[in-house]
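The block underneath contains the structure these notes are about, expressed in structure tokens.
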Amino acid sequence: MRVCVLGLGYIGFPTACVAAMAGHEVIGVDTNHDLIDLLRNGGLHIRNEAGLAELAQEVLSQGRLRVEIAPEPADVFIIAVPTPRTNDGRTLQQDLKTEECEESSFRADLSYVRSAVLSLAPVLGPGNLVVLESTVPPGTTEKVVRGVLDDAGVNTSQVLFAHAPERVLPGNILYELVHNDRIVGGLTYDAGEAAAAFYRTFVKGDVVVTDATTAELVKLMENTYRDVNIALANEFALVCERLGVDAWEAIQLANRHPRVKILKPGPGVGGHCIAVDPYFVIESAPDLTPLIQAARRVNRRMPRHVVELFWELTRGIDVHKVAILGASYKANVGDERESPSLQVAALLQESGVDVAIHDPYIARYDRPLGDVVAGADAALVLTDHSVYAEIVPSTLANLMSHRLILDARGILDVERWRTAGFGVIQLGSGRTREAVVPA
Ligand code: SAJ
Numbered sequence: 003m004r005v006c007v008l009g010l011g012y013i014g015f016p017t018a019c020v021a022a023m024a025g026h027e028v029i030g031v032d033t034n035h036d037l038i039d040l041l042r043n044g045g046l047h048i049r050n051e052a053g054l055a056e057l058a059q060e061v062l063s064q065g066r067l068r069v070e071i072a073p074e075p076a077d078v079f080i081i082a083v084p085t086p087r088t089n090d091g092r093t094l095q096q097d098l099k100t101e102e103c104e105e106s107s108f109r110a111d112l113s114y115v116r117s118a119v120l121s122l123a124p125v126l127g128p129g130n131l132v133v134l135e136s137t138v139p140p141g142t143t144e145k146v147v148r149g150v151l152d153d154a155g156v157n158t159s160q161v162l163f164a165h166a167p168e169r170v171l172p173g174n175i176l177y178e179l180v181h182n183d184r185i186v187g188g189l190t191y192d193a194g195e196a197a198a199a200f201y202r203t204f205v206k207g208d209v210v211v212t213d214a215t216t217a218e219l220v221k222l223m224e225n226t227y228r229d230v231n232i233a234l235a236n237e238f239a240l241v242c243e244r245l246g247v248d249a250w251e252a253i254q255l256a257n258r259h260p261r262v263k264i265l266k267p268g269p270g271v272g273g274h275c276i277a278v279d280p281y282f283v284i285e286s287a288p289d290l291t292p293l294i295q296a297a298r299r300v301n302r303r304m305p306r307h308v309v310e311l312f313w314e315l316t317r318g319i320d321v322h323k324v325a326i327l328g329a330s331y332k333a334n335v336g337d338e339r340e341s342p343s344l345q346v347a348a349l350l351q352e353s354g355v356d357v358a359i360h361d362p363y364i365a366r367y368d369r370p371l372g373d374v375v376a377g378a379d380a381a382l383v384l385t386d387h388s389v390y391a392e393i394v395p396s397t398l399a400n401l402m403s404h405r406l407i408l409d410a411r412g413i414l415d416v417e418r419w420r421t422a423g424f425g426v427i428q429l430g431s432g433r434t435r436e437a438v439v440p441a
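Residue numbers (my numbering): 3 to 441.
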């Protein structure tokens, strides 16, 4: 089949490559000219995804995948454009300062979906299949995707519409794209079956057909489930800090129960999915979602809590510089979207502290660790990159102005750091807090 993929980001580009490898003739479309130039010149905008560089090189050089600025006629159109959240147009940094703002004030920004759909109007033909992969509020495939085309005068009764939410984990995208089960929701029976037949050409997991609105909600339920569970872990961490208990130990012990699986506390929830998608459920039923809203509030407040722990750790010290270890939103990937680390950095900078950031996965923060911590009054481990658990404390001890370290991910061996003369606070650990801040 001829397949046109709109949006060549983290989802669209790997999907285009995999579809091309499966034998389809694929046209990858993105309105970003620089990205198209980069890809045409052999570059790649996505890092740390195993096998992607090789696959991209293969399908592009063989002409199985072409990249273009505008869509062309095809049998299947896949829309994989961003659907960010907005809060009256406020940016993430501004959100930081609006702690009091209601969770129900966030909205899905569907402007990229609308313009991608509109760009299809001139090329769509009878029998074509249009699949929305972007994560969206329930009802979007019907009201926005088909609605925009209806308004543009397209005879949509001849077009098949479906929603097939992506479910891949950043860091493991290529594998999960092929091996995860796939939910496909059609606006009609025929649309669902056509979309399922298409995905079965490259998905090895089960492809399960339902209606479009159910598929939209299923995706949101998955990420909301995770957000609520992380919020529970974070709330337990706050309770443990107050009670002088170590949350890491307590959670490990609770998880010995056969039906309990508490997640890990941390500095907050980042990424473009879990910190965003619950808002699309809230938006669809604000009066029915107090639990989801409370979970969002708990997770959104965690960066501020990290800063409070930081001030406890550095009490009595004239703080000039801090070193932040890890800018990515999660371990072993280079992705800063909605990263709690950057929120902590912004809050510290706001209070006049000089912030130096280290991250081996992000080019502009990839400097020798020693240079970043030199002269720092404290170091904050905010991302659980494996390399940070391996740091030998003595290698940093003499470089820093004060030997203070805050571990917001529970990855450091506290005793080892103490032995090297460090004052340590571990998020969630009331014991480490009591040692630094006597009652
Ligand atoms: N986190 C914790 N504690 C935990 C687990 C995660 O604080 O126990 C934090 C992470 O550090 C990170 C954030 O949560 O900041 C999200 O990370 P994640 O690994 O849980 O998920 P994402 O955002 O990378 O990918 C999720 C996945 N969804 C689920 O696991 C239900 C993925 O399968 C989805 O495809 C992806 O969202 C998406 O695109 O929607």
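We put the CB at the ideal spot given by N, CA and C, even for glycine.
Extent of the continuous alpha helix (DSSP H) to which residue i belongs
i             : result
arginine 418  : 416-421
aspartate 279 : 279-286
valine 309    : 292-315
histidine 404 : Careful: histidine 404 lies outside any alpha helix (DSSP H) and carries neither H nor E.
valine 375    : 371-375
glycine 432   : 432-438
8 Å Cβ cutoff met for residue i and residue j
i              : j              : result
glycine 270    : asparagine 50  : no
glycine 432    : valine 309     : no
valine 162     : alanine 199    : One point to set straight first is that residue 162 is leucine, not valine, in the sequence displayed. It is not a contact, given that the beta carbons lie outside the stated cut-off.
proline 75     : valine 125     : yes
glycine 454    : aspartate 213  : Given a span of 3 to 441 for the chain in the structure shown, any question on residue 454 remains unanswerable.
leucine 265    : proline 305    : no
glycine 272    : proline 342    : yes
arginine 435   : glutamate 314  : yes
valine 416     : glycine 425    : no
leucine 67     : alanine 18     : yes
valine 78      : alanine 22     : no
valine 357     : isoleucine 326 : yes
asparagine 225 : isoleucine 276 : yes
valine 31      : alanine 72     : yes
glycine 430    : alanine 154    : no
alanine 380    : valine 346     : no
Minimum C-alpha distance to residue i - residue among the options
i             : options                           : result
glycine 268   : Glu251, Asn301, Val247 and Ile284 : Asn301
threonine 190 : Val170, Ser159, Val210 and Asn334 : Ser159
proline 362   : Gly372, Ser353 and Val355         : Gly372
glutamate 70  : Ser113, Leu134, Ile48 and Val5    : Val5
lysine 332    : Ala348, Ser353, Gly354 and Val383 : Val383
histidine 404 : Leu429, Thr421, Thr316 and Ala18  : Thr316
valine 278    : Ala58, Glu105 and Asp32           : Glu105
leucine 176   : Phe15, Val357 and Leu398          : Phe15
valine 209    : Ile427, Thr226, Glu144 and His181 : His181
threonine 442 : Thr385, His322, Val31 and Glu144  : This structure does not reach residue 442, given that the chain is present from 3 up to 441, and the question cannot be answered.
leucine 112   : Pro128, Cys103, Pro140 and Gly127 : Pro140
glutamine 428 : Ala399, Leu311 and Leu344         : Leu311
valine 107    : Gly45, Asn236, Ala256 and Phe282  : It should be pointed out that residue 107 corresponds to serine in this sequence rather than to valine. Looking at the Cα atoms, Phe282 is the closest of the given residues.
methionine 3  : Val20, Val28, Gly9 and Leu406     : Val28
Start-to-end residues for the beta strand (DSSP E) that takes in residue i
i             : result
arginine 4    : 4-8
glycine 207   : Element bounds for glycine 207: n/a, residue is neither H nor E.
leucine 382   : 380-383
histidine 387 : Per DSSP, histidine 387 belongs to no beta strand (DSSP E) and is neither H nor E.
alanine 365   : Unbroken run through alanine 365: none, as it is neither H nor E.
glycine 127   : Careful: glycine 127 lies outside any beta strand (DSSP E) and carries neither H nor E.
Residue i beta carbon near the ligand SAJ (any heavy atom closer than 7 Å)
i              : result
lysine 263     : no
isoleucine 81  : no
asparagine 257 : no
arginine 228   : yes
leucine 171    : yes
lysine 332     : yes
lysine 266     : yes
valine 271     : yes
asparagine 225 : yes
aspartate 111  : no
isoleucine 2   : No answer is possible for residue 2: the residues shown for the chain start at 3 and end at 441.
cysteine 275   : yes
threonine 137  : yes
Rounded separation between residue i and residue j - CA only
i                 : j              : result
aspartate 183     : glycine 207    : 4 Å
proline 84        : serine 136     : 7 Å
valine 146        : arginine 116   : 7 Å
histidine 452     : alanine 52     : Outside the shown range of the chain (3 to 441) lies residue 452, about which nothing can therefore be said.
valine 120        : alanine 110    : Here residue 120 is leucine; the residue named in the question, valine, does not match the sequence. Near 18 Å, if we compare the C-alpha coordinates of alanine 110 and leucine 120.
leucine 151       : alanine 123    : 6 Å
glutamate 284     : serine 396     : The sequence shown places isoleucine at residue 284, rather than the glutamate named in the question. Taking the straight line joining both Cα atoms gives about 48 Å.
isoleucine 80     : glycine 318    : 57 Å
alanine 297       : tyrosine 390   : 28 Å
glutamine 254     : isoleucine 185 : 33 Å
arginine 202      : valine 321     : 58 Å
threonine 33      : tyrosine 114   : 10 Å
phenylalanine 204 : glutamate 218  : 21 Å
cysteine 242      : leucine 234    : 12 Å
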